[in-house]
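Take the sequence shown: its letters are residues 1 to 182, numbered as in UniProt numbering. Here is the structure we will look at.
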Amino acid sequence: DGSCIVSGSWDKSVRVWDALTGNEKLVLNGHTDSVNSVAFSSDGSCIVSGSQDKSVRVWDALIGNQKLVLNGHTDLVNSVAFSSDGSRILSGSTDNSFWAWDQLPQCRALRYIREEVATSIHVLEHTGWLLSPDGEGYLMFVPSGESLPDDANILTIPQSLVAHVDFSNSKLGPEWGSCYSS
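Next comes the structure, spelled out in structure tokens:
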């Protein structure tokens, strides 16, 4: 609702500030290295943070309790975001990977490998599509609900400007439940 601002710091903390007064409301401790990226969920109830300690952490934005610690990146996490519906946490790392973490109790994660460092993540509202950091094109579709692809499906985005994409084994359709063979 714009009443609070969240920040991450070199002192390993995440802080919540009152946007009107500038007063500190919460200090969230748990990271063991600098915090590089923070974001509020769309409903303002959660905060996600990414750190040089290679972890992604989820916090209760009202009382400051740590809710989840998500491990899997092998280098520093430099970008985090929530999906527009709040069901997924997205993280990018200098290990050249992008993760989409499902917030269900199992906290299933999908890992996508890139050939260049993921420094920014953008989510288009309501669509599930991730937009490239330069705003020039779509990178991938992250489906909603229980229709996630399995972990063996890895998306590789080449570093070169020219890429050959083979769609012979691809499925196309308006949703994961009704796809068509290419």
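Even glycine gets a Cβ: it sits at the ideal position worked out from N, Cα and C.
Along the UniProt repeat "WD" (70 to 102), the beta strand (DSSP E) occurs as fully enclosed runs of 3 or more residues at 77 to 82, 88 to 93, 97 to 102, listed in sequence order. The Cβ-Cβ distance between Val77 and Gly50 falls below 8 angstroms. Taking C-alpha positions only, Ser87 is separated from Trp99 by approximately 13 angstroms. About 14 angstroms separates the beta carbon of Ser83 from that of Leu70, a gap too long to meet the 8 angstroms contact definition. Taking the C-beta atoms as reference points, Gly44 is found no nearer than 8 angstroms to Asp85. Per DSSP, Ala39 is one residue of the beta strand (DSSP E) stretching across 35 to 40. The alpha-carbon of Arg57 is positioned some 13 angstroms away from that of Arg15. The Cβ neighbour count for Trp101, taken over all protein chains shown within 10 Å, is at least 16; the residue is labelled buried. CA-CA distance, Ala81 to Trp59, rounds to 13 angstroms.
Annotation for Ile47: the continuous beta strand (DSSP E) segment containing it runs 46 to 51. Taking the C-beta atoms as reference points, Lys12 is found no nearer than 8 angstroms to Ser41.
Taking all protein chains in view, the Cβ of Ala39 is crowded by 16 or more other Cβ atoms within 10 Å, so the residue is classified as buried.
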